[in-house]
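S.K.:
Number of protein chains: 2
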Amino acid sequence: MTFTDQPDALDSNDPEGLDPGWLTGLVGFHLRMAHVALHRDFALSTARFDITQKQLAAMELIARNPGASQVDIAQVLSMDRATMMGVIKRLMAKNLVERKPSLTDRRRHEIRLTDQGRKVLAEVHEVIEKHEKEFCAVLSEDECASLIDMLTRLYRRGRQSAAP
Amino acid sequence: MTFTDQPDALDSNDPEGLDPGWLTGLVGFHLRMAHVALHRDFALSTARFDITQKQLAAMELIARNPGASQVDIAQVLSMDRATMMGVIKRLMAKNLVERKPSLTDRRRHEIRLTDQGRKVLAEVHEVIEKHEKEFCAVLSEDECASLIDMLTRLYRRGRQSAAP
DNA sequence: TATTGTTATACTCTATAACTATA
DNA sequence: TATAGTTATAGAGTATAACAATA
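As they're listed, the protein sequences go chains E and P. If you use this note's numbering, the first sequence closes out at 1003, no skipped numbers anywhere. If you use this note's numbering, the second sequence closes out at 1003, no skipped numbers anywhere.
Set out below in structure tokens:
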């Protein structure tokens, strides 16, 4: 029962000895598994920053598009505006982003990074780039580009059919 | 300000007009976006079954490996055993799976599908296969196989470094 | 001691519905 | 009417810690 008894059964096709069966052929299944692995890796790499994947994505968009509204950010990340609210709230609680009411449309709140936010983002960038390299070490550069291309097509597809 | 003013800005590189910047080059970002799209699509396709992606994956493994324990299933799906507990609980509440204490190791509970579970799983299979086809319509067969191969390598990699 | 199942706890994300203020 | 933000609510998944029963 220990890992020394049946190394073959562990290292070969079925790492845990169970038959994944029908799931094996589903892109959706592998997409989920890869995402779970990434998510956990990410959490480990960025533990000291107390920030999640989604919070980082939001911060990056805010950094690149200062003055964007919550709805703008939410749309790009395919999030509900109520969900986005929660993300922004947590980022504000950590003093990473701040809001100002728009002068031209008083319904909107323009979101910007705080100085603290910019500082943290720069630090996180380094960690993520290192993490990304390690995570993708099993892919060649061509494969990596091809993977991004295919993934992009997959989620853009969903948008085209949903938007109009 | 309406969508008729700047069609180019909407239909070209930036569907929502925001600059994703640094995120564009990250496999992790696109993996997350594709996963979010898939997750939502999945939920829509299977709404009438009142079942989630993870619950389905667990059911499939249980179907293929009758008598497996909760820990077995959890390991394959990279879940904590407490998390798995929640999934199993919900599946039991819906009368889709059942448990029996193992005769050889009384700590273990062998999990099996109920008749109801088998029936539902068969119906869901059809829906998912149709969904999978639509979701992957933007990929050729070769691309699809290549994508699965790359994704598998990504999450297997995580396992190899974690297990020993 | 180690493993399995279990409960309790806490956090994040997700979505819906309803409300306010503004356009 | 429509949009932006907000709150309340509910549910799912994630993880940790602790416990009992069993090996």
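All C-beta atoms, glycine included, are put in the ideal place defined by N, C-alpha and C.
Quick one: is E:Thr943 buried, meaning 16 or more other Cβ sit within 10 Å of its Cβ, or exposed?
M.R.: E:Thr943 should be labelled exposed.
S.K.: How about P:His874 and P:Ser908: do their beta carbons lie closer than 8 angstroms?
M.R.: Cβ atoms of P:His874 and P:Ser908: not closer than 8 angstroms.
S.K.: So if I threshold CB-CB distances at 7 angstroms, which residues from the region 854-887 of chain E count as touching chain P?
M.R.: Those residues of the region 854-887 of chain E that come within reach of chain P (Cβ to Cβ, closer than 7 angstroms) are Pro854, Glu855, Leu857, Asp858, Pro859, Gly860, Trp861, Leu862, Leu865, Val866, Gly867, Phe868, His869, Leu870, Arg871, Met872, Ala873, His874, Val875, Ala876, Leu877, Asp880, Phe881.
S.K.: Mind checking who E:His948 pairs with in its DSSP beta bridge?
M.R.: Looking at the DSSP assignment, E:His948 forms a beta bridge with E:Pro940.
S.K.: Pick helix, strand or coil for P:Lys933, following the three-state DSSP scheme.
M.R.: P:Lys933: coil per DSSP, three-state reduction.
S.K.: In the structure shown, what three-state DSSP assignment does P:Cys975 receive?
M.R.: P:Cys975 falls in the coil class under three-state DSSP.
S.K.: Any chance the region 966-976 of chain E sits against the region 964-983 of chain P, with 3 or more Cβ pairs inside 8 angstroms?
M.R.: Counting Cβ pairs under 8 angstroms, fewer than three are found: no touch.
S.K.: Comparing C-alpha positions only, which one of E:Tyr994, E:Cys975, E:Arg992, E:Arg996 sits nearest to P:Gly867?
M.R.: Of the listed residues, the one whose Cα sits closest to P:Gly867 is E:Cys975.
S.K.: Taking just the CA atoms, how far does P:Ser917 sit from P:Arg945?
M.R.: Going by the C-alpha atoms only, they are around 24 angstroms apart.
S.K.: Output needed for P:Pro905: all residues of its chain with C-beta closer than 6 angstroms, excluding positions within five of it in sequence on either side, in chain order.
M.R.: Excluding residues within five positions, the ones whose Cβ falls inside 6 angstroms are Arg951.
S.K.: Assuming P:Gly860 contacts E:Glu899 under a Cβ cut-off of 8 angstroms, what Cβ separation, rounded to an integer in Å, is found between them?
M.R.: At roughly 6 angstroms, the Cβ-Cβ gap stays under 8 angstroms, so P:Gly860 and E:Glu899 are in contact.
S.K.: Contact criterion: CB-CB distance below 8 angstroms. Does P:Glu899 meet it with respect to chain E?
M.R.: It does: the Cβ of P:Glu899 has a partner Cβ on chain E nearer than 8 angstroms.
S.K.: Please state if the CB of P:Phe888 and the CB of P:Val959 are separated by a distance shorter than 8 angstroms.
M.R.: Yes, the pair counts as a contact, with Cβ atoms nearer than the cut-off.
S.K.: From E:Gly956 to P:Arg879, what does the alpha carbon distance come to, in whole angstroms?
M.R.: In a straight line, the C-alpha of E:Gly956 is about 30 angstroms away from that of P:Arg879.
S.K.: Quick one: using the 10 Å Cβ neighbour count with 16 as the cut-off for buried, is P:Thr863 buried or exposed?
M.R.: P:Thr863 comes out exposed.
S.K.: Measuring only between beta-carbons, confirm whether E:Leu935 sits less than 8 angstroms from chain P.
M.R.: Chain P contact via Cβ: absent.
S.K.: What's the C-alpha gap between P:Gln999 and P:Met872?
M.R.: Low confidence applies to P:Gln999: its pLDDT is 45, below 50, so where it sits in the model is not reliable enough to give any reading.
S.K.: Would you decide whether E:Leu990 is buried or exposed? Buried here means 16 or more other CB atoms lie within 10 Å of its CB.
M.R.: E:Leu990 is buried by the Cβ-count criterion.
S.K.: Determine the closest residue to E:Arg996 out of P:Thr953, P:Asp988, P:Glu973, with distance taken between C-alpha atoms.
M.R.: Of the listed residues, the one whose Cα sits closest to E:Arg996 is P:Glu973.
S.K.: Is there a Cβ of chain P sitting closer than 8 angstroms to that of E:Thr841, yes or no?
M.R.: In this prediction, E:Thr841 scores a pLDDT of 32, lower than 50, which makes its location untrustworthy; no coordinate-derived value is stated.
S.K.: Between P:Ile987 and chain E, is there a C-beta pair that is closer than 8 angstroms?
M.R.: For P:Ile987, the answer is yes, since a Cβ of chain E falls inside 8 angstroms of its Cβ.
S.K.: Would you please state the rounded distance, in angstroms, between the beta carbons of E:Ala897 and E:Leu870? I believe it to be under 8 angstroms.
M.R.: E:Ala897 to E:Leu870, Cβ: 22 angstroms. No contact.
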